[in-house]
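Asker: One structure is given below, represented as structure tokens, and several questions about it will come after.
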Amino acid sequence: MRAWDNRQNVRRWTYDVLTRPTHAYLKHAADPEVLQQRIVYGESLGVSADVTNHLGQVYRVYDSAGVLTTTTASSPPTSSPTPTATVRPSPSTPSAW
131 MRAWDNRQNV
141 RRWTYDVLTR
151 PTHAYLKHAA
161 DPEVLQQRIV
171 YGESLGVSAD
181 VTNHLGQVYR
191 VYDSAGVLTT
201 TTASSPPTSS
211 PTPTATVRPS
221 PSTPSAW
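Dropping the structure here:
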């Protein structure tokens, strides 16, 4: 999907086969397109996704604030994943997700 505004910003999103958002991009005027956010779902973990209760859940989010990873290894299957770690990138270096 693609959207644009009167500030010459063009936003683009990509989705997985289950129509969940996976990537968000931003392009301003003549600047190159930049990846703003990437979402990784539990199914990409393979067999361990069932053990850690990540099936159908967000496992990791990459964005301009850093990386947020959720774990549920000790949680019962009915609970939601809980955030465990946020890694913030250095302000002087651009994110390279």
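My numbering numbers the first residue of the sequence shown as 131 and each following residue consecutively.
Built from N, CA and C at the ideal position, the CB exists for glycine as well.
(1) Which of the three DSSP states is assigned to residue 132 in this structure?
(2) To the nearest angstrom, report how far apart residue 131 and residue 161 are at their CA atoms.
(3) Pull up the CB-CB distance for residue 192 and residue 168, whole angstroms please, since I reckon it's below 8 Å.
(4) Nearest to residue 140 by alpha carbon, out of 150, 197, 154?
(5) Looking at the unbroken alpha helix (DSSP H) that takes in residue 159, where does it start and where does it end?
(6) Per DSSP, what kind of secondary structure is residue 185 in: helix, strand or coil?
(7) May I ask you to report which of helix, strand or coil DSSP gives residue 148?
Answerer: Concretely, from the data shown:
(1) Taking the first residue of the sequence shown as position 1, residue 132 is located at position 2. In the structure shown, residue 132 sits in a strand (DSSP, three-state: E or B).
(2) Within the sequence shown, numbered from 1, the residue matching residue 131 stands at position 1. Within the sequence shown, numbered from 1, the residue matching residue 161 stands at position 31. Computed Cα separation, rounded: 20 Å.
(3) By 1-based counting over the sequence shown, the position of residue 192 is 62. By 1-based counting over the sequence shown, the position of residue 168 is 38. So it is a contact: roughly 4 Å between Cβ atoms.
(4) Position 10 of the sequence shown, counting from 1, holds the residue named residue 140. Closest by alpha carbon: 154.
(5) To locate residue 159, count along the sequence shown from 1; it is residue 29. Note, residue 159: premise wrong, no alpha helix (DSSP H); not H, not E.
(6) Counting from one through the sequence shown, the residue named residue 185 turns up at place 55. Residue 185: coil per DSSP, three-state reduction.
(7) To locate residue 148, count along the sequence shown from 1; it is residue 18. Looking at residue 148 - three-state DSSP - the assignment turns out to be coil, as it is neither helix nor strand.
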